[in-house]
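Per our numbering: the sequence shown = residues 548 to 782.
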Amino acid sequence: MNWDGAMAKEKESGMLDLKTPEGTVSGYLATPKTGTGPGLLVLHAWWGLNDVFKRVCDRLAMKGYTTFAPDLYHGAVASTIDQAEKVMKQLKPETARGDILKSVRGLQAHPKVRGKRLGAIGFSMGAYWALRFAEDFPSDIGAVVVFYGTGDGEYSKTQAAILGHFAEKDPYESAESVRDFEKVLRASGKSVEIHTYPGTTHWFFEKDRPDAYDAGATETAWQRTISFMATHLRG
């Protein structure tokens, strides 16, 4: 199967190697059962591309989005904080940036993607990369959703609307850092919507983290995400 220089090996859903003019990137692809839809990039947390983030892709595909989650760790998956810290330290920024660029170009050329401007959803570590890419490649990203993670940019070039989901009690993202993040975005004239979920902590959206998972906050954040993407990412 060919589409304007990009292709997926043999199948259009599940784990696969996405080939683009920039090179090949491995990840998880989920496509709508019928028709085409806007393209969405899902960027995993420091655990790696585990089943939680694959399921996010599946659920987004059920809503009509063609979704790809690149495997930024190239096969490694952590289950403990110590493991995650070690594997994240091994991630080279230039490699991650290259994999995300390949993912974007592959999605833009995919026959089930409608439109060239994509959405990005990032979790914790992935939130940083979603924001970073939206700043570096502003014409490619039209909407960004971040879960309990911020960036370090000024966002002057970013054209994307931004939705943030944050925990009330978070040792990794303090309330002050979230306020500063929102302040910088608003000062840059961005369309921004920030929500903090009472009683939650980091990873509240991830069902495999029973110490943090909050079903109510997860459902609310999910509905807000779907509504946000429907508004800002029409393909």
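By construction, the Cβ of each residue, glycine as well, lies at the ideal position given by its N, Cα and C atoms.
Please read these numbers as outputs of a predicted model, since none were measured by experiment.
If we ignore side chains and look at the alpha-carbon of each, how far apart do residue i and residue j end up?
i	j	result
P579	W769	18 Å
R679	C604	21 Å
R781	G574	24 Å
R664	S738	16 Å
K556	T571	Confidence in K556 is poor, its pLDDT being 38 and thus under 50, which makes the residue's placement unreliable; the coordinate value appears in the next sentence. The alpha-carbon atoms of K556 and T571 are separated by roughly 11 Å.
A623	L607	24 Å
S686	P745	35 Å
I741	S774	14 Å
T748	A777	27 Å
D564	S650	10 Å
G763	T627	24 Å
K754	A631	17 Å
P640	A677	13 Å
P718	D629	15 Å
W550	I709	The pLDDT assigned to W550 is 29, lower than 50, so where the model puts this residue is not dependable, and the model offers no usable value.
I688	D758	33 Å
So that I know if they touch, is there some Cβ in chain D lying closer than 8 Å to that of residue i?
i	result
G622	The chain labelled as chain D is not found in the depicted structure, where only one protein chain is given.
By DSSP, does residue i sit in helix, in strand, or in coil?
i	result
D564	strand
H779	helix
P579	coil
D551	Because the pLDDT at D551 is just 33, under 50, the model does not fix this residue reliably, and the value given afterwards should be weighed accordingly. Looking at D551 - three-state DSSP - the assignment turns out to be coil, as it is neither helix nor strand.
V739	strand
T747	coil
V660	strand
A643	helix
V624	coil
E557	Legend: pLDDT at E557 = 37, less than 50; position of this residue unreliable, no value from coordinates given.
T765	helix
A708	strand
S774	helix
A714	strand
With distances taken between CB atoms, is the gap from residue i to residue j smaller than 8 Å?
i	j	result
P617	D598	no
L648	L588	no
K659	T705	no
V693	A722	no
M635	M609	no
E701	V731	yes
T567	A656	yes
A625	W594	yes
H713	A592	First, the residue type needs correcting, since residue 713 is Phe and not His in the sequence shown. Contact flag unset, no.
Under 8 Å by Cβ, that's how I've got residue i and residue j pegged, so tell me the actual separation to the nearest angstrom.
i	j	result
A707	A690	5 Å
A667	L619	A667 to L619, Cβ: 13 Å. No contact.
G696	E720	7 Å
Note down, in chain order, each residue of its chain lying with its Cβ closer than 7 Å to the Cβ of residue i, except the 5 sequence neighbours on either side.
i	result
R661	T583, G584, P585, G782
G611	P579, G584
E682	G700, Y702, K704, T705
L638	L619, Y620
F751	A714, Y744, A759, Y760, D761, A764, T765
H779	G689, A690, A708
Who are the near neighbours of residue i in its chain, counting only those whose CB is closer than 6 Å to its CB and skipping five residues on each side?
i	result
A577	S560, C604, D605, A608, T614
R652	T567, E569
D601	Strictly speaking, residue 601 in this sequence is Lys, with Asp absent from that position. So the list reads Y575, once near-sequence residues are dropped.
F728	T697
M562	Y575
R756	W750
Whose C-beta lies closer than 8 Å to the C-beta of residue i among residues of the same chain, with five residues either side of it excluded?
i	result
L596	G574, Y575, A616, P617, D618, L619, Y620, V624
V725	T697, G711, F713, I741, T743
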